[in-house]
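**Q** Structure provided below as C-alpha cells; questions to follow.
Numbering (the working numbering), first residue to last: 565 to 1024.
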C-alpha cells in the first residue's frame, strides 16, 4: 500500500466520508452511522476506481476544538493524513449546504501543499442543487457531484482524480529514494511465515531452526492456535548476521471441516500472519504428498502478493523420494500456473537437513520481491518483447502499446500504457508478465500488471 498514490478524504463530521471510503475499497471496513463522530482514527485501505489503484485514507470529522480534547486529537490525525496524501478529497454535504466549519476547513486547505478536489456528496435529486452552487464559493472550482451511498457520480470522480494519480505514478521512479526513506528493505528483518495443513511439522521446524523447544509440539494435530513470532539471528554463508522473524501459524484445514469457533479464529489469525509476512513457506508432509488444500493455501498467499516457497518436510522418512519430488513439482506447475517455477526444497525438521538452504532461498526470494527496475531498462525489454511478439489486432484494429513503468514493489507492480487495452487478451498479458519474471530478475514472485488506456476524445 505504501507504494501506491495516497488519497485522503476529509470534511466536517457526518458528510459521508466513511461511506465513500467503503465504496472505494469495495467492502464495509469503516463503521457508518447517522450519528456524527463514529470515525476517530484514520483508516487506510486499498482502493480501486475503475482502473485507478490507490491508497485511500478515511479521516475523522474535522472540528475546530482545543488540541487537548478528543476532537482536537482527532483533528491532528486528519491533518497528518492530508500531509501524507498526494491529493485530498474535500467533502461537503450538498443537502445541508455550506456551513461555517466548511469555510474554516477550506481556509486551512488553501494553506497546505496538497492538491484538493472538492466533492459535493448527497447531490442526487434536486435537494442538493443549492448546496452545489454554494460550494463554488469555497474556491476549489466546480465540485464533483456524487452520492457515495448510491454510487452516483463515480465516473466524474474518476475523471478528476486520474491526472493526479497519473502524475504520482510518473514521478515514482525519480522519487524512489524519498519513498523508501533511504532504507534498504532487504536490510530489514526478514518476515518469514510458516504455513501448512495441521501436523505438517511447522512448530517442530521452527524449534529446530532456533535450536530450542520454543514452541509446543506433539503428534496431535492443531496444537498451535495463535500465530507466534520469534526473532532469530541467521549466519549467512559470508558470515554476516541477518535477522529473521519466524512466524508459526495454526494448521489450515478445508473450510468445510472447520466447525469449532476457536479453530475458525486460529485460521483467521494464520491468514493475517500471511498478510503480515514478506515470504511464506508452505510446508508439505512427505508422508502425505501434495493435496488440494495445499494448493489452496499457496494460491491464497500468492493472491495476497506474498513471495512463496514450497518445502517438503519429513524428507528423512520419505518413500521413493525422487518420484515424490518430481510428482510435487509437476503438480505445482499445473496447479499454480500463474507463477511457474516456485522454489521447491526438501527439509527435515527432525534432523535439520536443508534448513540453511531454506533461509538463504527466503532472503534471495525477498530480494526479487523487492526489486525495482529502471525505466530505461524496463522499456528496452518492452520494445524487444513487442518486436518478438506484437500485440493482436482484434477486428483488424491494432492495439497500441506505448510504454510500461514500475509503479510499486513488494510485490512488484507495473502499469502498461496504451490504446484499446480493454481488448488486450489475457494470454498476451501473461506473455508480458512471464517475460518480466524471466528476463528482469523477478523469478517466481507474484507480479501485478495494471492497464491504463489513453482517453479517446471522440469516443462519444
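Here a beta-carbon is modelled for each residue, glycine too, at the ideal position from N, C-alpha and C. It should be emphasised that the depicted structure is a prediction, and the values quoted were computed from it without experimental measurement.
Using alpha carbons as the reference points, say which of 608, 965, 660, 854 lies closest to residue 953.
**A** In the chain shown, counting from the first residue as 1, residue 953 sits at position 389. The residue with the shortest Cα to Cα distance from residue 953 is 965.
**Q** Report buried or exposed for residue 583, applying the criterion of at least 16 other Cβ atoms within 10 angstroms of its Cβ.
**A** Taking the chain shown and counting its residues from 1, one reaches residue 583 at position 19. Within 10 angstroms of the beta-carbon of residue 583 lie 16 or more other beta-carbons, which makes it buried.
**Q** Just how far apart, CA to CA, sit residue 685 and residue 711?
**A** Counting from one through the chain shown, the residue named residue 685 turns up at place 121. Counting from one through the chain shown, the residue named residue 711 turns up at place 147. A direct Cα-Cα distance of roughly 5 Å separates residue 685 from residue 711.
**Q** With DSSP as the reference, label residue 895 as helix, strand or coil.
**A** Translated into positions along the chain shown, residue 895 becomes position 331. Correct three-state label for residue 895: helix.
**Q** Quick check: the segment 940 to 959 against the segment 905 to 916, are there 3 or more CB pairs under 8 Å?
**A** no
**Q** If I measure Cβ to Cβ from residue 580 and keep anything under 8 Å in the same chain, skipping five residues before and after, which residues do I get?
**A** Position 16 of the chain shown, counting from 1, holds the residue named residue 580. Counting only Cβ-Cβ distances below 8 Å, and skipping sequence neighbours, we find 655, 657, 685, 686, 712, 713.
**Q** Using only the alpha-carbon positions, how far apart do residue 863 and residue 934 sit?
**A** Taking the first residue of the chain shown as 1, we reach residue 863 at position 299. Taking the first residue of the chain shown as 1, we reach residue 934 at position 370. So the two alpha carbons sit approximately 20 Å from each other.
**Q** Applying the criterion that 16 or more other CB atoms from any shown protein chain within 10 Å of the CB defines a buried residue, is residue 858 buried or exposed?
**A** As a first step, residue 858 must be located in the chain shown, where it is residue number 294. When all chains shown are included, residue 858 counts as buried.
**Q** Within the same chain, show all residues whose beta-carbon is closer than 6 Å to that of residue 698, passing over the 5 residues directly before and after it, in chain order.
**A** Position 134 of the chain shown, counted from the start, is the residue given in the question as residue 698. Excluding sequence neighbours, residue 698 sits near 661, 662.
**Q** Taking three-plus beta-carbon pairs below 8 Å as touching, is the segment 747 to 766 in contact with the segment 796 to 816?
**A** With a cut-off of 8 Å, the segment 796 to 816 and the segment 747 to 766 count as touching, because enough Cβ pairs lie within range.
**Q** Does the beta-carbon distance from residue 976 to residue 936 come in below 9 Å?
**A** Numbered from its first residue, the chain shown carries residue 976 at position 412. Numbered from its first residue, the chain shown carries residue 936 at position 372. For residue 976 and residue 936, yes; Cβs fall inside 9 Å.
**Q** Along the chain, where does the beta strand (DSSP E) that runs through residue 982 open and close?
**A** Residue 982 sits at position 418 when you count from the first residue of the chain shown. For residue 982, the enclosing beta strand (DSSP E) begins and ends at 977 to 983.
**Q** Using the beta-carbon count (16 or more within 10 Å), is residue 745 buried or exposed?
**A** Within the chain shown, residue 745 is the residue found at index 181, counting from 1. Confidence in residue 745 is poor, its pLDDT being 49 and thus under 50, which makes the residue's placement unreliable; the coordinate value appears in the next sentence. It is exposed - the Cβ of residue 745 has fewer than 16 other Cβ atoms within 10 Å.
**Q** CB residue 646 to CB residue 673, shorter than 9 Å?
**A** If you number the chain shown from 1, residue 646 lands on position 82. If you number the chain shown from 1, residue 673 lands on position 109. In contact: residue 646 and residue 673 (Cβ atoms closer than 9 Å).
**Q** Assuming the contact rule is C-beta atoms closer than 8 Å, residue 585 and residue 622 should be a hit. Round their C-beta distance to whole Å, please.
**A** Position 21 of the chain shown, counted from the first residue, corresponds to residue 585. Position 58 of the chain shown, counted from the first residue, corresponds to residue 622. Between residue 585 and residue 622 the beta-carbon gap is near 4 Å, inside 8 Å, which marks them as a contact.
**Q** Let's test the definition: count the other Cβ atoms within 10 Å of the Cβ of residue 600 and tell me whether it reaches 16, buried, or not, exposed.
**A** Mapped onto the chain shown, residue 600 falls at position 36. For residue 600, the predicted structure reports a pLDDT of 43, less than 50, and the residue's modelled location is therefore unreliable. The matter cannot be settled from this model.
**Q** Is the distance from the Cβ of residue 902 to the Cβ of residue 1010 below 9 Å?
**A** As a working mapping, residue 902 is identified with position 338 in the chain shown. As a working mapping, residue 1010 is identified with position 446 in the chain shown. For residue 902 and residue 1010, yes; Cβs fall inside 9 Å.
**Q** Could you please give the first and the last residue of the uninterrupted alpha helix (DSSP H) stretch that includes residue 767?
**A** Counting from one through the chain shown, the residue named residue 767 turns up at place 203. Taken as a continuous stretch (DSSP letters only), the alpha helix (DSSP H) holding residue 767 covers 766 to 774.
**Q** For residue 709, is the classification buried or exposed, using 16 other Cβ atoms within 10 angstroms of its Cβ as the cut-off for buried?
**A** Working through the chain shown from its first residue, we reach residue 709 at position 145. Residue environment: residue 709 is assigned as buried (16 or more neighbouring CB atoms within 10 Å of its CB, all protein chains considered).
**Q** Could I get the ranges of all uninterrupted beta strand (DSSP E) runs contained in the segment 837 to 884, with 3 residues as the minimum, in chain order?
**A** 843 to 849, 871 to 877
**Q** Just checking my contact of residue 967 with residue 981 at CB under 8 Å: how many whole Å lie between their CB atoms?
**A** In the chain shown, residue 967 corresponds to position 403, counting from 1. In the chain shown, residue 981 corresponds to position 417, counting from 1. That pair is a contact at about 6 Å.
**Q** Compute the Euclidean distance between the alpha carbons of residue 776 and residue 851, then round it to the nearest angstrom.
**A** Locating residue 776 in the chain shown gives position 212, counting from the first residue. Locating residue 851 in the chain shown gives position 287, counting from the first residue. Residue 776 and residue 851: Cα-Cα distance of roughly 25 Å.
**Q** In terms of DSSP beta bridges, what is residue 609 paired with?
**A** As a first step, residue 609 must be located in the chain shown, where it is residue number 45. Its beta-bridge partners are 620.
**Q** If I follow the unbroken beta strand (DSSP E) through residue 993, where does it start and stop?
**A** For this step, residue 993 is matched to residue 429 along the chain shown. In the DSSP assignment, residue 993 falls outside any beta strand (DSSP E) and within the unbroken alpha helix (DSSP H) covering 990 to 1003.
**Q** Mind reading off the beta-carbon distance from residue 609 to residue 589? Whole number of angstroms is fine, and I expect it under 8 Å.
**A** On the chain shown, residue 609 is found 45 positions in, with the first residue counted as 1. On the chain shown, residue 589 is found 25 positions in, with the first residue counted as 1. Between residue 589 and residue 609 the Cβ distance is about 4 Å, and since that is below 8 Å, they are a contact.
**Q** Excluding the 5 residues preceding and the 5 following residue 843 in the sequence, name in chain order all residues of the same chain whose CB lies nearer than 6 Å to its CB.
**A** Locating residue 843 in the chain shown gives position 279, where the first residue counts as 1. Closer than 6 Å at the Cβ level, and outside the excluded window around residue 843, lie 756, 871, 926, 929, 930.
**Q** Would you kindly report the start and end of the unbroken beta strand (DSSP E) that includes residue 568?
**A** As a first step, residue 568 must be located in the chain shown, where it is residue number 4. Counting along the chain, residue 568 falls outside any beta strand (DSSP E), and DSSP gives it neither H nor E.
**Q** Quick check for students: name the residue ranges of the alpha helix (DSSP H) that lie wholly in the segment 686 to 716, counting only runs of 4 or more.
**A** The segment 686 to 716 contains these whole alpha helix (DSSP H) runs: 693 to 699.
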